[in-house]
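To start, the structure under review is shown below, and the notes come after it.
2 protein chains.
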Amino acid sequence: MSARPTRPALRERYDRRQQQVVYQAAKAFAKRGYDQTTMQELAATMGLATGALYHYFGGKEELLTAICDQLMEPLLEQTTELLAADQPAEAQLRALVCLWVAHVVEHRDHMLVFQQERHLIESGERWRKVRASRKAFERLVADALGRCRVRGEQRLALLALLGMVNHTAQWYRPRGPLVPEEIADGYVALLLAGSGG
Amino acid sequence: MSARPTRPALRERYDRRQQQVVYQAAKAFAKRGYDQTTMQELAATMGLATGALYHYFGGKEELLTAICDQLMEPLLEQTTELLAADQPAEAQLRALVCLWVAHVVEHRDHMLVFQQERHLIESGERWRKVRASRKAFERLVADALGRCRVRGEQRLALLALLGMVNHTAQWYRPRGPLVPEEIADGYVALLLAGSGG
DNA sequence: AACTATAACGAACTGGTGTTCAAAGTCCGA
DNA sequence: TCGGACTTTGAACACCAGTTCGTTATAGTT
């Protein structure tokens with residue numbers, strides 16, 4: 011990987027192109043798997059020669075890191091911001107899940123890659139930061155949920171919610187009958203006590 | 011892959027060993043990923059030379075097929091049997107989810123592999139049968155759920171349930187505080203109308 | 001227009017991995 | 001105990017994909 015340009019005008023283009031590579035990588039990895047996607051394929055879909063990718067990234071693994079960061083960082087940031095606002099617990103949970111579902115469906119490829127490469131991320135020093143982000147996010151969800159009256163065990167409700175939302179990446183289609191907000195509300199309604207039934 | 015022995019006594023040992031290989035493969039694939047697990051590693055964990063694996067399987071992909079079949083076939087069979095019995099709808103759903111969760115936690119490695127290699131399974135003629143099994147199972151769940159009074163949209167409840175149960179493979183630990191039956195009951199309670207709250 | 005930082009090329013390199021196979025070892029059945 | 005069916009070996013093979021790097025093209029800057 012060569013250095014980031016020093017000239018401001020070029021640096022902007024460099025960053026933009028780098029982001030494009032991450033985006034395409036997420037798409038390719040989601041469809042064909044991380045290992046099954048070759049650097050040559052990836053380069054080809056961008057109209058580049060193989061070696062050109064190494065101008066933007068140190069290697070294949072670094073691409074995966076970038077995908078995970080691009081997924082987790084904005085989510086963590088937005089969620090933290092949301093929880094800082096003073097609001098009734100259940101409205102806050104609703105808002106959190108809304109935000110989360112929207113993020114998941116907007117980063118579907120990232121999510122699928124994240125889930126598929128779980129075994130990589132679960133171990134190894136390289137992935138410590140990613141694991142920390144996920145753990146931090148889950149903690150935020152747990153806190154928000156903990157302030158609400160939920161049906162059944164708190165802990166199980168949390169795990170159920172994580173399952174539902176993460177699974178959304180696997181079935182959501184942009185032109186499906188439900189928009190993200192409806193999905194989120196539906197999920198929350200299942201968890202909260204006193205939501206009818 | 012050589013042929014299955016004709017002599018009954020040997021055939022039994024052959025089948026047992028073959029099953030062991032599938033089991034170990036599931037374990038290894040779940041921990042290190044399908045592509046990152048080499049045939050040499052796999053052979054080593056079984057105390058075999060590399061080539062010996064090809065006595066039991068035609069190749070690496072065939073191992074993956076076997077894992078998926080070993081996962082889906084008994085589940086589909088048991089579920090079909092259960093739904094054939096005449097029972098109140100909600101009790102039947104409860105029994106189904108119980109069975110399902112128990113199956114998931116008993117085949118955690120299989121499940122993890124199944125989820126991680128989703129992209130492989132989703133396309134390709136080779137995986138048609140596996141896709142059909144999953145689809146058939148989901149259909150059975152949908153039917154069982156459709157006979158119950160659930161909170162919110164039926165379709166969303168189904169997707170939520172699929173998410174919860176499949177996700178269970180990722181967090182369940184044998185010595186955790188909840189046994190499979192409690193988990194299943196918790197899930198069902200979230201879905202059914204009139205379960206308190 | 002010339003200069004230089006940047007971007008891209010693309011072929012060669014390198015290491016590794018799935019698979020094969022002939023030979024040797026093992027053990028059931030008679 | 002003997003024969004042959006079955007198991008296992010382990011090294012060679014063939015292929016492939018990630019990475020490197022010297023070279024060439026491009027385009028901002030003066």
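In the order they appear, the protein sequences are chains W and Z.
The opening residue of the first sequence carries number 11 in this note's numbering; numbering runs sequentially from there.
The opening residue of the second sequence carries number 11 in this note's numbering; numbering runs sequentially from there.
All residues carry an ideal CB built from backbone N, CA and C; glycine is no exception.
Taking 7 Å as the limit between beta carbons, can you name the residues of its chain near residue i, skipping five residues before and five after?
i                      : result
residue 205 of chain W : 199
residue 47 of chain Z  : 38 and 39
residue 100 of chain Z : 158 and 202
residue 27 of chain W  : 66
Beta-carbon of residue i versus every beta-carbon of chain Z: anything under 7 Å?
i                      : result
residue 119 of chain W : no
residue 81 of chain W  : no
residue 126 of chain W : yes
residue 93 of chain W  : no
residue 166 of chain W : yes
residue 196 of chain W : yes
residue 200 of chain W : yes
residue 5 of chain W   : Residue 5 of chain W is absent from the structure shown; chain W starts at 11 and stops at 207.
Is there a Cβ from chain W that is less than 7 Å from the Cβ of residue i?
i                      : result
residue 43 of chain Z  : yes
residue 113 of chain Z : no
residue 181 of chain Z : yes
residue 272 of chain Z : Because chain Z is modelled from 11 through 207, residue 272 of chain Z falls outside the range shown and cannot be assessed.
residue 65 of chain Z  : no
residue 174 of chain Z : yes
residue 170 of chain Z : yes
residue 142 of chain Z : no
Only counting the same chain, and skipping five residues up and downstream in sequence, which positions put a Cβ closer than 8 Å to that of residue i?
i                    : result
residue 4 of chain W : Absent from the model: residue 4 of chain W. The displayed extent of chain W is 11 to 207, so no value can be given.
Measure the CB-CB distance between residue i and residue j and report whether it falls below 7 Å.
i                      : j                      : result
residue 190 of chain Z : residue 111 of chain Z : yes
residue 16 of chain Z  : residue 34 of chain Z  : no
residue 119 of chain Z : residue 36 of chain Z  : yes
residue 173 of chain Z : residue 174 of chain W : yes
residue 162 of chain W : residue 196 of chain Z : yes
residue 79 of chain Z  : residue 45 of chain W  : no
residue 160 of chain W : residue 167 of chain W : yes
residue 13 of chain Z  : residue 114 of chain Z : no
Quick one: grab the DSSP three-state call for residue i.
i                      : result
residue 155 of chain W : helix
residue 188 of chain W : coil
residue 202 of chain Z : strand
With 16 as the cutoff for other CB atoms within 10 Å, does residue i come out buried or exposed?
i                      : result
residue 76 of chain Z  : buried
residue 21 of chain Z  : exposed
residue 104 of chain W : buried
residue 87 of chain W  : exposed
residue 30 of chain W  : exposed
residue 43 of chain Z  : buried
residue 102 of chain W : buried
residue 126 of chain W : buried
I'd like the list of long-range same chain contacts for residue i, defined as Cβ closer than 6 Å, with 5 residues on each side in sequence excluded.
i                      : result
residue 108 of chain Z : 191 and 194
residue 121 of chain W : 114 and 179
residue 50 of chain Z  : 60
residue 137 of chain Z : 131
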